[in-house]
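Quick note: the sequence shown uses the UniProt record's numbering, first residue 1, plus one each step. Heads up, the beta-carbon is just placed ideally off N, CA and C, and yes, glycines get one too.
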Amino acid sequence: MTKIALLTSGGDAPGMNAAIRAIVHSCQHHQYECIGFFHGYNGLLNDEWQALTHADVGNILQFGGTILKSARCPAMCDPKGPKQAANTLRKHQIDALIVIGGDGSFRGLEALKAHWEGQVIGLPGTIDNDLAGSDNTIGFATAVTTATHAIDKIRDTANAFERVFIVEVMGRHSGHIAFNVGLATGAEAILSFENCDPADTAPQLARLISQIQVQQQHNHDSFVIVLAENLWPGGPQALKAQLAEQAGIDSAVCVLGHIQRGGSPAPEDRLLATELGLEAVNAVSRNQDRIMIGKQGSTLQAVPLNGAINDAKPVNGRWVAAHEDVLTEYLIKHSE
Ligand code: ADP
């Protein structure tokens, strides 16, 4: 009987449970055995696992997190780690390993492949949406929804106090969350890798100061800056200090942080995770190997793992331009 192993690795993302459920159901449909390893790749190194059947995945689809737990496993970056992981897979006579995670987790699969003859399949599970080969990753829609609702709340208090707010959102090194959330909340400024060079922030700072000053001269609304994490040298507190030192602008900082990773998955994530999970098991039955299952438009597709990791996945250029256009229009309107 074909035997599939499954694990969730790296940053958890809402919808991972829905993907686990779909994989387990599909395994039963194909009459494959399915086992889940716990705590990311640590489960393979420590031989920590359990068999998974329908009964284990009932009533989990609506919850964030992952029933298999997730973790970083630095030992996988040492040559001994993947070898040991391969031995565990061999010991259990596993035919295929499905990993739900981000690009780091997929690098782990590539490393494992050097020591193991079985099939490896990745499912894109990360709120950052930074994997090529799938329009959206599992968890992204929920993170955008959560951050949007949070900033709507911040806007209320910012309006009441006519305040400048710097809100840091997640995204690792890409601006998918920053631009989606910034546009969805009508942020006056979005600072992300796509429109700001971290090595030379002076032009963006000057522009930001002039935007805030123009706005403060003409009305007394709030001004929300959505800032991508890891962008601004010194982080949001450094930006706050620079606004104060260079232009006497007072601002408040809110780092949304891990609330973006949690919560009940949005329907889009539940559906995407379900489709991708079912297709991952179909890919095993087709003997596919070293692939990630993604969805582009309405088409499910298998893309090479190394492409998913290494190819660029730029933020929709129309959205970056839309933000610039809105800002330009705003500045012209207010400086007349
Ligand atoms: P994500 O999968 O969300 O990008 P990480 O980058 O933290 O998260 O990677 C998750 C895990 O994948 C790491 O803890 C490690 O076990 C494994 N991994 C990451 N990079 C490599 C690599 N270059 N070689 C082998 N394993 C890796």
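Rounded C-alpha distance that separates residue i from residue j
i    : j    : result
N287 : I23  : 16 Å
L45  : T8   : 14 Å
T185 : M1   : 51 Å
I103 : I249 : Residue identity check: residue 103 is Asp in the sequence provided, not Ile. Their Cα atoms are separated by approximately 39 Å.
C73  : E245 : 42 Å
F63  : V214 : 45 Å
G40  : K69  : 7 Å
K3   : I154 : 49 Å
I166 : S285 : 49 Å
F193 : A187 : 16 Å
R290 : F223 : 46 Å
I190 : V255 : 15 Å
C196 : L131 : 21 Å
In DSSP terms, what residue i is bridged to
i           : result
residue 343 : This structure cannot speak to residue 343, because the chain is shown only from 1 to 336.
A150        : For A150, which the question treats as bridged, DSSP gives no partner whatsoever.
Closest by C-alpha distance to residue i, when choosing among the options
i           : options                   : result
G125        : I212, T53 and G15         : G15
L237        : A247, G171, I177 and S251 : The sequence given here has Gln at residue 237, not Leu. That would be S251, whose Cα lies nearest to the Cα of Q237.
I259        : I35, T146 and D128        : T146
I209        : A199, L239 and W232       : L239
G317        : Q242, F179, Q216 and V255 : F179
A19         : F223, P265 and G133       : P265
A283        : G122, F38 and H115        : G122
residue 341 : G10, F38 and I98          : There is simply no residue 341 to check, as the chain begins at 1 and stops at 336 in what is shown.
G11         : W116, I138 and N59        : I138
Heavy atom of ligand 3 within 8 Å of residue i beta-carbon
i    : result
E110 : For ligand 3, the structure offers nothing, since it holds only ligand 1.
Give the list of continuous alpha helix (DSSP H) stretches no shorter than 4 residues that lie fully inside the region 58-105. 80-91
How about the region 262-269 and the region 82-99: do they share at least three Cβ pairs that are nearer than 8 Å? Fewer than three Cβ pairs drawn from the region 262-269 and the region 82-99 lie within less than 8 Å of each other, which leaves the two stretches out of contact.
Runs of alpha helix (DSSP H) wholly within the region 170-251 (minimum 4 residues, chain order): You should have 176-185, 202-218 and 235-247.
Which runs of the beta strand (DSSP E) at least 3 residues long sit entirely within the region 103-140? Give them in chain order. 119-124
Mind pulling the beta strand (DSSP E) runs of 3 or more residues that sit fully within the region 254-333? 291-296 and 299-304
When the Cβ atoms of the region 197-206 are set against those of the region 167-178, are three or more pairs found closer than 8 Å? no
Decide yes or no for the touch test of the region 45-58 against the region 27-34: beta carbon pairs closer than 8 Å, at least 3 of them. yes
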